[in-house]
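J.: Below is one structure. I have some questions about it.
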Amino acid sequence: MKFDGGQTVHICLVSETEKRSDFGGKGMTSSVVDSESPDLVCELDNVQGMVDALTSVRWKRHQDAVLELSEHGIVLIVEDTGCLQAKVYLQRELFVRYEYNAQGRPRFGVSLGLFVDCLNTFCIPGHSSTIEFKYPGPDMQLLLKSTASLSACTYAEIRTRIPDTISWDYNFEPAGSTPINFTVKSAALKEAIDDLEWPGSSVQIILQPVPPSVTFKAEGHGDLQIDFMYYANMDLLAAFNCDQIVSHRYKYKFLRATTSNIPSSVIKDNRGSKVTIGRGGMLKVQHLVSVARPSTSHPHIDSAGYQQPSRIAYIEFFVKPEVDEENVYE
Amino acid sequence: MKFKAFLTDHGVNLLEKRFLQALDKMGKVCHLYLTRDHAIFLHNLLNGDGIQSIAQFRKEALFEDYRISSQNDDRIAFTIDLSLLHRALRSIVTIYTEFGGSHSSDAGSPTLNRLQIKLVKKLPPHSQQPMPFLTFETKGYKSAVIQDVPISKPLSRSDVLELQAALDMAQDLPRTLVQVPDMNQLQNFVDRMKHVGDVLSVSISRYGDLHLQISTSLITLGAEFRKLLVIGEQAQVPAGDDNLSAQSRTRRAIERGDAMSVQVSVKHFFKSLQCHLAKPDCAFYGIGQQGSCLTVVFQFFVPGTRQTDKSISLHCRLPVLDPGTN
Chain A
14 MKFDGGQTVH ICLVSETEKR SDFGGKGMTS SVVDSESPDL VCELDNVQGM
64 VDALTSVRWK RHQDAVLELS EHGIVLIVED TGCLQAKVYL QRELFVRYEY
114 NAQGRPRFGV SLGLFVDCLN TFCIPGHSST IEFKYPGPDM QLLLKSTASL
164 SACTYAEIRT RIPDTISWDY NFEPAGSTPI NFTVKSAALK EAIDDLEWPG
214 SSVQIILQPV PPSVTFKAEG HGDLQIDFMY YANMDLLAAF NCDQIVSHRY
264 KYKFLRATTS NIPSSVIKDN RGSKVTIGRG GMLKVQHLVS VARPSTSHPH
314 IDSAGYQQPS RIAYIEFFVK PEVDEENVYE
Chain B
1377 MKFKAFLTDH GVNLLEKRFL QALDKMGKVC HLYLTRDHAI FLHNLLNGDG
1427 IQSIAQFRKE ALFEDYRISS QNDDRIAFTI DLSLLHRALR SIVTIYTEFG
1477 GSHSSDAGSP TLNRLQIKLV KKLPPHSQQP MPFLTFETKG YKSAVIQDVP
1527 ISKPLSRSDV LELQAALDMA QDLPRTLVQV PDMNQLQNFV DRMKHVGDVL
1577 SVSISRYGDL HLQISTSLIT LGAEFRKLLV IGEQAQVPAG DDNLSAQSRT
1627 RRAIERGDAM SVQVSVKHFF KSLQCHLAKP DCAFYGIGQQ GSCLTVVFQF
1677 FVPGTRQTDK SISLHCRLPV LDPGTN
């Protein structure tokens, strides 16, 4: 994985040239404003995979997303009220063509819902869906075009906006010398979090080394406790690292966002989602979404659960804990 | 005023399995207009702003022993709830087919099991006032069944004249029609497109191009289908047009007078595509003269051939939106 969730993002507003669109200040900044060589031209042959990956971070109707382009790929970042952030990493290896010409890392904002709805129109079942992305267009748009057929063509121009200048990074740091994390079947994690809806607004996550286990606890309209015991069911918890008791509370609606929209393909693959607790209780949830082209996958390979690592999109959620001193044992 | 006929097996199949579900998508209530030769289902012909659909059957396509009489030149029209009609027909068909449709025999001697449809006036329960119904009647092994579908009072002479005038108006065909490449694909596409915006711009050229585009302040999303079969006025694709973008190509075609463009509601357009539930063999889109409406014409073949079945016709007219309303 070429991206590091904790890295500092280079905000590229210090570009040499700034171009504004003629339409009322919806312009964008970019490091290279030469229409002959756009910052990025790339082609993807599995749009559905991208739709799945982006849908997994779509937890409400109106969400602004920031796209950051680099030589390594595209990162999409969404955020909610300073408490929840999600990133989708689309590495350049996912693309059949990736031509990056910008200096620095251009960033621009789009409406996530619109972007996903738009991509959705490019994936008609039973039809090849190779799609070309180009940024920027003449008015700093993100340009999309299907390239599958000469006699039928779908295209889109998505208006971009200047992203917020604040860094959206949550600065995830390990809690101590030993990482505190566990890997759990994605379906089980989703089911547990779905079940926790009933008691109420806040969920406590407790990791303890002896016996190695993860506990989800919610108290509200009723009490509900869900335990994942490492030794009791090793299929469920694929990995467990914890050398101290750690306990933090998270708002249910943010916790729910981490699994509510993970695509059915992830649940079906049931690979595993990794949950890490960092310094100060920052929660990181990671999922893997396959962006492999369906026709190239072999049934016998699929049945073994093997996927080319390069055709995986990485999704990370960061959830800030509720501030509640009493519940922090560190 | 009398109407009585027997639905044929083919007619039952056409209505129950194909047309009623398609027409129900156009709107719950429609006019059923019966003349000496035709039965016609009409949506929104007398009231302005919805999608107009006209499904016309020659009487032989649906009925046998078709008898109609009225003081209004043997024409009867009324409004009917399509979902009720569909339910009644479905229910009666289950009884009717107990006998294997009209091809039944009883102890070696053929008896004709028939599905009768007629207009009646009946006194509904708890009412003093007789009400009009369209009644279906058939029998099974052990039971006979009657289904009464409530209908409106038959239209007055002047309303029927108005309906006939509207129908005559709606028969105008566009000068250029292009064939929809793959209706399922297009329906899938428009179904997804309707999340992005409400107003769809449709451009059709004499070169055989169909260009759909939704444009809002945040996004422009479009699809262009080229080299489609053209019926009516056509023209050669000008040299050099192939290298242009879809938008430039359409703009140039409009400037040359070889294309027209109208704006319609995405919802209407999607509805028009749902007519494929009637299982047409192909569909054509065209723009009415002076951009008055967007017309879609469905074509049905005689089963097993590529010849048009002239006893069935279905077309829709989508009202054009004022460009200022976008």
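Protein chains in written order, with the numbering used here: chain A, 14 to 343; chain B, 1377 to 1702. For each residue, glycine too, the CB sits at the ideal point set by N, CA and C. Predicted, not measured: the structure shown is a model, and the values here were computed from it.
(1) With A/Gly-117 and A/Arg-105 assumed to form a contact (beta carbons below 8 Å), what rounded beta-carbon distance in angstroms separates them?
(2) What is the DSSP secondary structure of B/Ile-1705, reduced to helix, strand or coil?
(3) Just how far apart, CA to CA, sit A/Phe-135 and A/Gly-293?
(4) Please classify A/Lys-100 as buried or exposed, where buried requires at least 16 other C-beta atoms within 10 Å of its C-beta.
(5) Helix, strand or coil: which one does DSSP assign to B/Gln-1650?
(6) Who are the neighbours of B/Pro-1557 on chain A, taking C-beta pairs under 9 Å?
(7) Whole angstroms are fine: how far does the CA of A/Ser-303 sit from the CA of B/Ala-1431?
(8) Measuring CA to CA, which of B/Leu-1588, B/Ser-1429, B/Asn-1423 and B/Arg-1533 is closest to B/Val-1556?
(9) If contacts are defined as beta-carbon pairs under 8 Å, then B/Asp-1577 and B/Gln-1639 qualify, I think. What distance do you get, rounded to the angstrom?
(10) Would you mind reading off the limits of the alpha helix (DSSP H) that contains A/Thr-134?
(11) Can you pull the chain B neighbours of A/Leu-127, defined as C-beta to C-beta under 7 Å?
(12) Just how far apart, CA to CA, sit B/Ile-1630 and A/Tyr-102?
(13) Does DSSP put A/Ala-326 in a helix, a strand or coil?
(14) Does the beta-carbon distance from B/Leu-1653 to B/Ala-1398 come in below 8 Å?
(15) So, with DSSP's three-state summary, where would you put B/Phe-1674?
(16) I'd like the span of the beta strand (DSSP E) that includes A/Ser-303, first residue to last.
(17) Run through DSSP, which three-state label would A/Arg-292 get?
(18) Given this structure, state the Cα-to-Cα distance separating A/Leu-155 from B/Leu-1594, to the nearest angstrom.
(19) Which residues of chain A have a Cβ atom closer than 8 Å to the Cβ of B/Gly-1322, listed in chain order?
(20) Taking the CB atoms as reference points, tell me whether A/Leu-89 and A/Leu-67 lie closer together than 8 Å.
(21) Based on Cα-Cα distance, which residue from A/Glu-145, A/Pro-187, A/Ile-175 and A/Lys-266 lies nearest to A/Val-288?
(22) Find the nearest neighbour of B/Ser-1445 within the set B/Tyr-1409, B/Leu-1458, B/Asn-1420 and B/Gln-1665, judged by alpha-carbon distance.
(23) How close, in whole Å, do the beta carbons of B/Gly-1662 and B/Leu-1549 come, if the pair is a contact with beta carbons under 8 Å?
(24) Report the start-end ranges of each beta strand (DSSP E) in the stretch 1574 to 1600 of chain B that is 3 residues or longer and not cut off at the edges.
(25) List the whole-angstrom C-beta distance separating B/Ser-1519 from B/Thr-1455, where the pair is believed to meet the contact cut-off of C-beta under 8 Å.
(26) Kindly give me the distance between the Cβ atoms of B/Met-1569 and B/Val-1642, rounded to whole angstroms, as I take these residues to be in contact under 8 Å.
(27) Would a check of beta-carbon distances place B/Gly-1598 closer than 8 Å to chain A?
(28) When you compare the CB positions of B/Leu-1438 and B/Thr-1384, do they come within less than 8 Å of one another, or not?
(29) Name the DSSP bridge partner or partners of A/Lys-230?
(30) Examine chain A for any beta-carbon lying closer than 8 Å to the beta-carbon of B/Arg-1582, and answer yes or no.
(31) So A/Glu-81 and A/Tyr-113 are in contact, right, with Cβ under 8 Å, and what is the actual spacing, rounded?
(32) First and last residue of the beta strand (DSSP E) that includes B/His-1419?
(33) Give every residue of the same chain whose Cβ lies closer than 6 Å to the Cβ of B/Gln-1650, excluding the five residues on either side of it in the sequence, and list them in chain order.
(34) So if DSSP puts A/Gln-82 in a beta bridge, which residue, or which two residues, is it bridged to?
(35) May I ask which residues mark the beginning and end of the beta strand (DSSP E) holding A/Gly-122?
(36) Taking its Cβ as the centre, do 16 or more other Cβ atoms sit within 10 Å of A/Glu-329, making it buried, or is it exposed?
T.: Quick look at the numbers:
(1) Indexing the first sequence from 1 puts residue 117 of chain A at position 104. Indexing the first sequence from 1 puts residue 105 of chain A at position 92. Not quite, the Cβ-Cβ distance comes to about 17 Å (not below 8 Å), so this is no contact.
(2) Residue numbering for chain B in the displayed model covers 1377 to 1702; residue 1705 of chain B lies beyond these limits and cannot be assessed.
(3) As a first step, residue 135 of chain A is located in the first sequence; it is residue number 122 there, counting from the start. As a first step, residue 293 of chain A is located in the first sequence; it is residue number 280 there, counting from the start. The alpha-carbon atoms of A/Phe-135 and A/Gly-293 are separated by roughly 42 Å.
(4) Your numbering for residue 100 of chain A matches position 87 in the first sequence. Label assigned to A/Lys-100: buried.
(5) Along the second sequence, one-based indexing puts residue 1650 of chain B at 274. Note: B/Gln-1650 maps to helix in three-state DSSP.
(6) Against the second sequence, residue 1557 of chain B aligns to sequence position 181. Chain A residues near B/Pro-1557: Ser-164 and Ala-165.
(7) Position 55 of the second sequence, counted from the first residue, corresponds to residue 1431 of chain B. Position 290 of the first sequence, counted from the first residue, corresponds to residue 303 of chain A. So the alpha carbons of these two residues sit roughly 47 Å apart.
(8) Within the second sequence, the letter at position 180 stands for residue 1556 of chain B. Nearest C-alpha to B/Val-1556: B/Leu-1588.
(9) For the purposes of this step, residue 1577 of chain B is taken as the residue at position 201 of the second sequence. For the purposes of this step, residue 1639 of chain B is taken as the residue at position 263 of the second sequence. Looking at the sequence shown, residue 1577 of chain B is not Asp but Ser. With a Cβ gap of about 5 Å, B/Ser-1577 and B/Gln-1639 count as contacting.
(10) Position 121 of the first sequence holds residue 134 of chain A. It is not in any alpha helix (DSSP H) - A/Thr-134 carries neither H nor E in the DSSP assignment.
(11) The residue labelled residue 127 of chain A in the question sits at position 114 within the first sequence. By Cβ distance, chain B contributes Val-1572, Leu-1594 and Ile-1595.
(12) Here residue 1630 of chain B is taken as the residue at index 254 of the second sequence, counted from 1. Here residue 102 of chain A is taken as the residue at index 89 of the first sequence, counted from 1. Near 43 Å, if we compare the C-alpha coordinates of A/Tyr-102 and B/Ile-1630.
(13) Indexing the first sequence from 1 puts residue 326 of chain A at position 313. In the structure shown, A/Ala-326 sits in a strand (DSSP, three-state: E or B).
(14) In the second sequence, residue 1653 of chain B corresponds to position 277, counting from 1. In the second sequence, residue 1398 of chain B corresponds to position 22, counting from 1. Cβ distance < 8 Å, so B/Leu-1653 and B/Ala-1398 count as in contact.
(15) Residue mapping note: residue 1674 of chain B aligns to position 298 of the second sequence, counting from 1. Of the three classes helix, strand and coil, the one that applies to B/Phe-1674 here is strand, per DSSP.
(16) On the first sequence, position 290 is the one that residue 303 of chain A refers to. Segment 296 to 303, the beta strand (DSSP E) holding A/Ser-303.
(17) For the purposes of this step, residue 292 of chain A is identified with residue 279 of the first sequence, where counting begins at 1. A/Arg-292: helix per DSSP, three-state reduction.
(18) Position 142 of the first sequence, counted from the start, is the residue given in the question as residue 155 of chain A. Position 218 of the second sequence, counted from the start, is the residue given in the question as residue 1594 of chain B. Looking at the two C-alpha atoms, the distance is approximately 11 Å.
(19) Not covered by the structure: residue 1322 of chain B. The range shown for chain B is 1377 to 1702.
(20) For the purposes of this step, residue 89 of chain A is taken as residue 76 along the first sequence, with counting starting at 1. For the purposes of this step, residue 67 of chain A is taken as residue 54 along the first sequence, with counting starting at 1. Their beta carbons are under 8 Å apart, which means A/Leu-89 touches A/Leu-67 by this criterion.
(21) Here residue 288 of chain A corresponds to residue number 275 of the first sequence, with the count starting at 1. Measuring from the Cα of A/Val-288, the nearest candidate turns out to be A/Pro-187.
(22) Indexing the second sequence from 1 puts residue 1445 of chain B at position 69. With distances taken between Cα atoms, B/Ser-1445 lies closest to B/Tyr-1409.
(23) Sequence index remark: in the second sequence, residue 1662 of chain B carries index 286 (1-based). Sequence index remark: in the second sequence, residue 1549 of chain B carries index 173 (1-based). Yes, B/Gly-1662 and B/Leu-1549 are in contact; Cβ-Cβ is about 7 Å, under 8 Å.
(24) 1575 to 1581 and 1586 to 1591
(25) Here residue 1519 of chain B corresponds to residue number 143 of the second sequence, with the count starting at 1. Here residue 1455 of chain B corresponds to residue number 79 of the second sequence, with the count starting at 1. Rounded, the Cβ-Cβ distance is 30 Å, inconsistent with contact.
(26) Residue mapping note: residue 1569 of chain B aligns to position 193 of the second sequence, counting from 1. Residue mapping note: residue 1642 of chain B aligns to position 266 of the second sequence, counting from 1. Sure, about 7 Å apart at Cβ, within 8 Å.
(27) Against the second sequence, residue 1598 of chain B aligns to sequence position 222. So, interface residue.
(28) For this step, residue 1438 of chain B is matched to residue 62 along the second sequence. For this step, residue 1384 of chain B is matched to residue 8 along the second sequence. Going by C-beta atoms, B/Leu-1438 is nearer than 8 Å to B/Thr-1384.
(29) Numbered from its first residue, the first sequence carries residue 230 of chain A at position 217. For A/Lys-230, which the question treats as bridged, DSSP gives the partners A/Gln-217 and A/Gln-238.
(30) For the purposes of this step, residue 1582 of chain B is taken as the residue at position 206 of the second sequence. B/Arg-1582 does not count as touching chain A.
(31) In the first sequence, counting from the first residue as 1, residue 81 of chain A sits at position 68. In the first sequence, counting from the first residue as 1, residue 113 of chain A sits at position 100. That pair is no contact at about 12 Å.
(32) Here residue 1419 of chain B refers to the residue found at position 43 of the second sequence. Taken as a continuous stretch (DSSP letters only), the beta strand (DSSP E) holding B/His-1419 covers 1414 to 1419.
(33) Position 274 of the second sequence, counted from the first residue, corresponds to residue 1650 of chain B. The answer, listed in chain order, is Lys-1401.
(34) As a first step, residue 82 of chain A must be located in the first sequence, where it is residue number 69. The residue you asked about is not Gln; residue 82 of chain A is Leu in the sequence shown. Paired residues: A/Ile-87.
(35) On the first sequence, residue 122 of chain A is found 109 positions in, with the first residue counted as 1. Counting along the chain, the beta strand (DSSP E) containing A/Gly-122 begins and ends at 120 to 124.
(36) Walking along the first sequence from the start, residue 329 of chain A turns up at place 316. Flag for A/Glu-329 reads buried.
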